[in-house]
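Taking the working numbering, the leading residue of the sequence shown gets 179, the next gets one more, and so forth.
Yeah, the Cβ is synthetic: ideal placement off N, Cα and C, and Gly gets one too.
Source: prediction; values computed, not measured.
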Amino acid sequence: MTVGNSYWKRTTLGNVTDNQESGAIRLSCVVPYEIWVCNLDIILLNGVQLTPTQDNRDLQKVLDHRDKVYEQLSVYLQLRNVIERLQETNHSELHMQVDLGCNFFVDTVVPDTLHIYVALGYSFFLELTLAEALKFIDRKSSLLTELSDSLTKDSLNIKAHAFIKSNQSKEKSKATKLFQTYHL
């Protein structure tokens with residue numbers, strides 16, 4: 179079987195195979211299934227693809243999700259700063275510019291600064307007082323922080339798993355050389 183520029187050779191339980199083009203040698207005596215090998219990487223195991231980049235893709239998904247959580251957290255922290263400034267100034271009316279889209283701003287006046295609409299998610303908004311909004315933001319930011327910490331731990335677990343797999347590949351190559359030395 180040829181995939182890309184690599185030459186793949188099928189092996190079964192207990193056989194030692196070698197790749198004529200790259201010189202890779204592999205002993206597959208642990209897995210009781212048919213596998214395809216190339217350069218010490220298991221590629222196909224019972225129809226499930228196990229590529230070395232699978233960990234990279236999982237890691238990228240976790241890191242992307244964590245980045246989105248950080249973006250949400252930064253929006254809530256910006257909102258907290260705005261609310262705190264509103265409480266400090268005690269203005270009953272606020273003049274501001276609103277972005278209508280495509281960086282098109284219009285001047286507007288907010289007649290009542292005692293209440294604010296906070297996005298809860300899924301297009302739901304809730305009218306809160308400034309103190310209630312601060313409590314909501316504190317709770318939401320603590321939940322987002324916990325989620326980001328959890329995603330960071332997940333990314334570290336994926337990195338550790340990839341490191342262990344790479345060390346196992348090194349140990350298997352040592353075992354293959356040892357097997358060839360004594361049994362061939």
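Review point. Which one or two residues does DSSP pair with D285 in a beta bridge?
Key: Within the sequence shown, numbered from 1, the residue matching residue 285 stands at position 107. Q275, per the DSSP bridge assignment.
Review point. Apart from the five residues on each side of it in sequence, which residues of its chain come closer than 7 Å, Cβ to Cβ, to L264?
Key: Numbered from 1 along the sequence shown, position 86 holds the residue referred to as residue 264. Result list for L264: T291, L308, in chain order.
Check your understanding: For H293, which of helix, strand or coil comes out of DSSP?
Key -> One-based indexing of the sequence shown puts residue 293 at position 115. Here H293 sits in strand by DSSP.
Practice item. With a threshold of 16 other CB atoms inside 10 Å of the CB of I342, please say whether the residue is buried or exposed. Key: Your numbering for residue 342 matches position 164 in the sequence shown. Under this definition I342 is an exposed residue.
Practice item. Could you check which residue in K352, K355, A340 has the C-alpha nearest to that of D233? Key: Sequence index remark: in the sequence shown, residue 233 carries index 55 (1-based). Looking at the Cα atoms, A340 is the closest of the given residues.
Point to revise | Selected residue, minimal CA-CA separation from N268, among L257, Y248, H293 | key: The residue you call residue 268 lines up with position 90 of the sequence shown. The residue with the shortest Cα to Cα distance from N268 is H293.
Review point. By a C-beta neighbour count over all protein chains shown, 10 Å radius and 16 as the cutoff for buried, is V276 buried or exposed?
Key: As a position in the sequence shown, residue 276 is number 98, starting the count at 1. Exposed, since its Cβ has fewer than 16 Cβ neighbours within 10 Å.
Review point. If we ignore side chains and look at the alpha-carbon of each, how far apart do Y295 and F303 end up?
Key: Walking along the sequence shown from the start, residue 295 turns up at place 117. Walking along the sequence shown from the start, residue 303 turns up at place 125. Roughly 6 Å between the two C-alpha positions.
Point to revise | the stretch 344-352 contacting the stretch 256-263, beta-carbon criterion three pairs below 8 Å | key: no
Check your understanding: How about L298 and V247: do their beta carbons lie closer than 8 Å?
Key -> One-based indexing of the sequence shown puts residue 298 at position 120. One-based indexing of the sequence shown puts residue 247 at position 69. Contact: no.
**Study point:** Proximity below 8 Å, CB of V284 to CB of L278
**Key:** On the sequence shown, position 106 is the one that residue 284 refers to. On the sequence shown, position 100 is the one that residue 278 refers to. Their beta carbons are under 8 Å apart, which means V284 touches L278 by this criterion.
Point to revise | Contact set for S326: own chain, Cβ-Cβ below 8 Å, skip 5 residues either direction | key: On the sequence shown, residue 326 is found 148 positions in, with the first residue counted as 1. Around S326: R244, V247, Y248, L251.
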